[in-house]
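**Student:** Take this structure first; my questions come after.
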Amino acid sequence: MSTEKSQKRLGAINIIFGVVIIILAIIVWIFSDLAILTLITIISFALAILGLARIINGGTDKELSNWVKLMKVITGTIFIIVAIVTIILHLTDPTLTIETLILILASALLILGLARFVRGLTAKEVPVWFRAIIIVVGAITTALSIWIMFSLTLENLILIYILAILLVLNGIARITLGLAIFKRFAE
581 MSTEKSQKRL
591 GAINIIFGVV
601 IIILAIIVWI
611 FSDLAILTLI
621 TIISFALAIL
631 GLARIINGGT
641 DKELSNWVKL
651 MKVITGTIFI
661 IVAIVTIILH
671 LTDPTLTIET
681 LILILASALL
691 ILGLARFVRG
701 LTAKEVPVWF
711 RAIIIVVGAI
721 TTALSIWIMF
731 SLTLENLILI
741 YILAILLVLN
751 GIARITLGLA
761 IFKRFAE
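Under this note's numbering, the first residue of the sequence shown is numbered 581, with each subsequent residue one higher.
In structure tokens form, the structure reads like this:
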């Protein structure tokens with residue numbers, strides 16, 4: 581398969597994953613009357629999809645440096661592990677508090693926010709408009725993740741809504757990445 585064709589496929593995969601992540605976040609908003617643990621499970625699935633997308637990007641994007649590829653694979657793996665651990669913990673340990681699960685998810689999103697921010701600052705090979713988007717999304721994700729970590733006494737549903745907002749933002753960033761890949765090969 582040609583490099584151009586595989587890169588276009590990578591762009592399409594990013595767009596699809598971005599849309600799925602946004603849909604899962606919207607489900608959290610629409611069905612907020614579901615049990616909090618169900619909403620946490622949905623957010624965990626979205627985080628796992630984010631992780632899978634990062635692993636696929638790290639493994640297949642020919643334009644990335646080896647260091648960036650490695651970081652994407654490592655962070656993607658962390659997100660999948662965190663998602664699985666969060667789901668297992670809430671299914672096997674009913675004494676575990678919802679705040680602990682929210683803290684675990686916020687920690688993973690903090691890593692994602694920092695990774696996006698740093699990538700935006702260092703990604704000289706991508707268009708400036710894309711760098712600006714991932715810097716802003718990274719900064720917002722980092723700031724709100726930290727805020728969630730220090731605001732665990734707030735209503736759980738508010739914290740879950742904020743996690744869902746962060747997933748929408750990162751889903752948009754994922755779609756933007758897919759569009760940037762398509763644009764790279766349209767020129």
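By construction, the Cβ of each residue, glycine as well, lies at the ideal position given by its N, Cα and C atoms.
In chain order, which continuous runs of the alpha helix (DSSP H) of length 4 or greater are located wholly inside the stretch 680-737?
**Tutor:** 708-729, all fully within the stretch 680-737.
**Student:** Under DSSP, the alpha helix (DSSP H) around Ala592 begins and ends at which residues?
**Tutor:** Thr583 to Ile610 is the extent of the alpha helix (DSSP H) around Ala592.
**Student:** Taking just the CA atoms, how far does Phe611 sit from Val625?
**Tutor:** First, the amino acid is wrong: residue 625 is Phe here, not Val. Approximately 16 angstroms, taken between the alpha carbons.
**Student:** Do you know offhand how far Lys585's Cα is from Ala592's?
**Tutor:** Cα to Cα, the separation comes out at about 11 angstroms.
**Student:** Pull up the CB-CB distance for Ala633 and Arg711, whole angstroms please, since I reckon it's below 8 angstroms.
**Tutor:** No, Ala633 and Arg711 are not in contact; Cβ-Cβ is about 19 angstroms, not under 8 angstroms.
**Student:** Taking Cβ positions, are Phe697 and Thr722 nearer each other than 8 angstroms?
**Tutor:** The answer is yes: Cβ separation under 8 angstroms.
**Student:** Is it right to say Leu701 is buried, meaning 16 or more other beta carbons lie within 10 angstroms of its own, or is it exposed?
**Tutor:** Per the 10 Å Cβ criterion, exposed.
**Student:** Helix, strand or coil for Ser773 per DSSP?
**Tutor:** Nothing in the structure corresponds to residue 773, since the chain is present only between 581 and 767.
**Student:** Output the distance between the C-alpha atoms of Leu759 and Val665, rounded to the nearest integer angstrom.
**Tutor:** Going by the C-alpha atoms only, they are around 32 angstroms apart.
**Student:** In this structure, does DSSP put Thr677 in helix, strand or coil?
**Tutor:** Thr677 falls in the coil class under three-state DSSP.
**Student:** Could you give the residue range of the alpha helix (DSSP H) that holds Leu630?
**Tutor:** Element bounds for Leu630: Ile616 to Thr640.
**Student:** Is it the case that the Cβ atoms of Ile691 and Thr655 are separated by a distance below 8 angstroms?
**Tutor:** It is a contact, given that the beta carbons lie within the stated cut-off.
**Student:** Report yes or no: do three or more beta-carbon pairs, one from the stretch 639-650 and one from the stretch 678-690, lie closer than 8 angstroms?
**Tutor:** Touching, no.
**Student:** Classify Ile728 as buried or exposed, calling it buried when 16 or more other Cβ atoms lie within 10 Å of its own Cβ.
**Tutor:** Buried.
**Student:** Since Ile616 and Ile742 are thought to touch, with beta carbons under 8 angstroms apart, how far apart are those beta carbons, to the nearest angstrom?
**Tutor:** Not quite, the Cβ-Cβ distance comes to about 14 angstroms (not below 8 angstroms), so this is no contact.
**Student:** Do Asn750 and Val706 come within 8 angstroms of each other at the CB atom, strictly closer than that value?
**Tutor:** No, Cβ-Cβ distance for Val706 and Asn750 is not below 8 angstroms.
**Student:** How about Ala688 and Val662: are their beta carbons less than 8 angstroms apart?
**Tutor:** In this structure, Val662 lies closer than 8 angstroms to Ala688 by Cβ.
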